[in-house]
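Quick note, in the UniProt record's numbering, the sequence shown goes up one by one and the last residue is 409.
Cβ coordinates follow ideal geometry from the N, Cα and C atoms, glycine included.
Step one of this worksheet: look at the structure below.
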Amino acid sequence: MEGIFTANNVWMMICTALVFFMHTGFAFLEIGLTRQKNTINILFKNIFIITVGLLLYYIAGFNLMYPGFEEGSAGIFDFAGFGIAPPENGMTPEYADGGYTWWTDFLFQGMFAATAATIVSGAVAERIKIGPFMIFTVIYVGLIYPIAGSWKWGEGFLDQMGFYDFAGSTLVHSVGGWAALVAVWLLGPRIGKFKDGRPQAIPGHNIPLATAGVLILWLGWFGFNGGSVLSADPELTSLVLVTTCLAAAAGGVVSAFVSFLSYKNLDLTMFLNGILGGLVGITASADVVTPESAIIIGAIAGGLIVFAVGFIDALKLDDPVGAIAVHLICGIWGTLAVGIFSTNEEHSFLTQLIGVGCYAAICIPSSFLIFFILKKTVGIRVSEKEELEGLDGHEHGMSAYADFRMNEH
C-alpha cells in the first residue's frame, strides 16, 4: 500500500508541474497572437496571475473550494478557515483514498485556480489598464472561482445533483470564458479592429511563438486531465491521455479544414485554436468516453471554433487570441457532450445543461459587477495614445526586444 501511495503521489506532483508549465504556453500563445509593443504588458499580467493566484489560493481559495459541506447543507457556500492546515491523516494513504497527500492536493488545485484569470487576460489584451486587471484577478481568482468550484468539486449542490465535469470544461474554462466575454463587451474593441463595421485582421507579431505555446499547452493537458484522475491508476490515466490527445488532433484537423472551406486559406491560427478547442471540449469527459467518442467531441469543437470566431466578430466583440471561442464555447460544448457520449448511464444531458446555466448565473453577474464598478470609478481602458504607442512603454517603461523603439506602432 505504501508503494502505491508513493507512486500515486509522485504522478500527481508530475501533473502539478505540467499544469504549472501551461502558464508558459498561455504566455507564448498570447504574446505571439498580439503585437510586439504590448509584450511586456502581457507577460507581466501572466506572471501576476500565477504568483498572486497561488497566494490567494493559500489564504482562502482552497478552503472556499473544499469547505467540507455539512450533511444537509444547501451546498452553495461554506468556508473552512484561512490558510492551509493538513488534517491528521493528510500525509497518509487514508487521505483521498491514497491518491496523494494534502500538500499535493493543495498545489495541484492551486495550479488550476490561476488558469481562469489567464483566459481573461488574452481576451482583453492590448487595451486594458493593468491596475484594474489586477484588481479583477484578485477578486475573481480569490473569491468567485473557488466558490463556483465548490459546487461540483467541493461536493456542493451540483455534485449532489449528478452534474459531471471531470477536469474543468466548465469549472475552469467556462468560468474564465464567461468573464472574458463580459470584459470584452465592457472594454470595447481595439482601435482599428472594425472599419465600416467590418472586422479587420490585426496580425500577431510572432506566430512561431504562438505555435510553441499551443504545443506546450497540449503537453500541459497531460497533467491537466491526467492528474484529474487523482491517482496513478494505470487504466484510467492511460485512457484519459488517449482521449485527450485524440480530441486535440481531431479539433485541429477539422478546424483547419472548415476554415479552409470557409475562407479559402490554410490558416495556422485556426489550426492552433482548433487543437485548443478539442482539448477544452474533452476536458469534461476524458475519463468516461471511448476513443471514438473523443474524436467526435474534438471534431465538433474544432468546427465550432471557426463559426464562433466569425460569430464573435459579427457581434463587434474583439478577442485578440480567440479565448471566448476556445474556452467558453468549447467549454459549454464539452460539458454538454458528457450527457451525450458518457459511458456512465447516470450522466444526463439535462443535468449538464443545468450545470452550465448555474455557472453562467454566477460568472456573468460577478464579472460584470467587478468590471463595471472598475469602469465607472478608475476606468478600465488605456488612452488612445497609450494604445497606439504600446502598453510596454507607457505602463512598464521598457521594451521586450532590444531593437524595438518605444514610439513604433
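Taking only three categories from DSSP, how would you classify residue i?
i, result
"residue 194", "strand"
"residue 202", "coil"
"residue 76", "coil"
"residue 364", "helix"
"residue 47", "helix"
"residue 128", "strand"
My guess is that residue i and residue j are in contact by the Cβ rule of under 8 Å, so how many angstroms apart are they, rounded?
i, j, result
"residue 192", "residue 32", "Contact flag wrong, Cβ pair sits at about 19 Å."
"residue 358", "residue 281", "Going by Cβ atoms, the distance from residue 358 to residue 281 rounds to 20 Å, so no, they are not a contact pair."
"residue 249", "residue 298", "7 Å"
"residue 306", "residue 258", "5 Å"
In angstroms, rounded to a whole number, what distance separates the CA positions of residue i and residue j?
i, j, result
"residue 429", "residue 217", "Because the chain spans 1 through 409 in this model, residue 429 falls outside it and cannot be assessed."
"residue 184", "residue 91", "44 Å"
"residue 89", "residue 96", "9 Å"
"residue 5", "residue 347", "30 Å"
"residue 372", "residue 122", "19 Å"
"residue 220", "residue 15", "8 Å"
"residue 286", "residue 335", "11 Å"
"residue 267", "residue 247", "20 Å"
"residue 231", "residue 86", "19 Å"
"residue 315", "residue 182", "13 Å"
"residue 235", "residue 226", "11 Å"
"residue 29", "residue 361", "29 Å"
"residue 402", "residue 39", "12 Å"
"residue 312", "residue 176", "16 Å"
"residue 64", "residue 7", "29 Å"
"residue 78", "residue 71", "12 Å"
"residue 410", "residue 196", "The structure shown does not extend to residue 410, since the chain spans only 1 to 409, so no value can be given for it."
"residue 139", "residue 152", "20 Å"
Can you name, in chain order, every residue of its own chain whose Cβ lies under 7 Å from the Cβ of residue i, other than the five neighbours on each side?
i, result
"residue 106", "62 and 84"
"residue 129", "379, 380, 381 and 382"
"residue 243", "282, 286, 289, 291 and 294"
"residue 309", "322 and 325"
Could you give the first and the last residue of the continuous alpha helix (DSSP H) run that contains residue i?
i, result
"residue 185", "175-187"
"residue 394", "Note, residue 394: premise wrong, no alpha helix (DSSP H); not H, not E."
"residue 23", "2-32"
"residue 260", "234-263"
"residue 93", "Neither: residue 93 is in no alpha helix (DSSP H) and is coded neither H nor E."
"residue 221", "207-226"
"residue 385", "384-389"
"residue 143", "Neither: residue 143 is in no alpha helix (DSSP H) and is coded neither H nor E."
"residue 61", "Taken as a continuous stretch (DSSP letters only), residue 61 belongs to no alpha helix (DSSP H), as it is neither H nor E."
"residue 292", "291-314"
"residue 279", "268-282"
"residue 160", "157-161"
Go through its chain and collect everything with a Cβ distance to residue i's Cβ below 6 Å, but skip five positions before and after it.
i, result
"residue 411", "Lying before the first or after the last residue shown, residue 411 is absent from the chain, which here runs from 1 to 409."
"residue 53", "113, 114 and 141"
"residue 277", "251, 301, 302, 305, 326 and 330"
Cutting at 8 Å between CB atoms, please list the residues of its own chain near residue i, excluding the five before and the five after it.
i, result
"residue 186", "368, 371, 372, 375 and 380"
"residue 162", "346, 347, 348 and 351"
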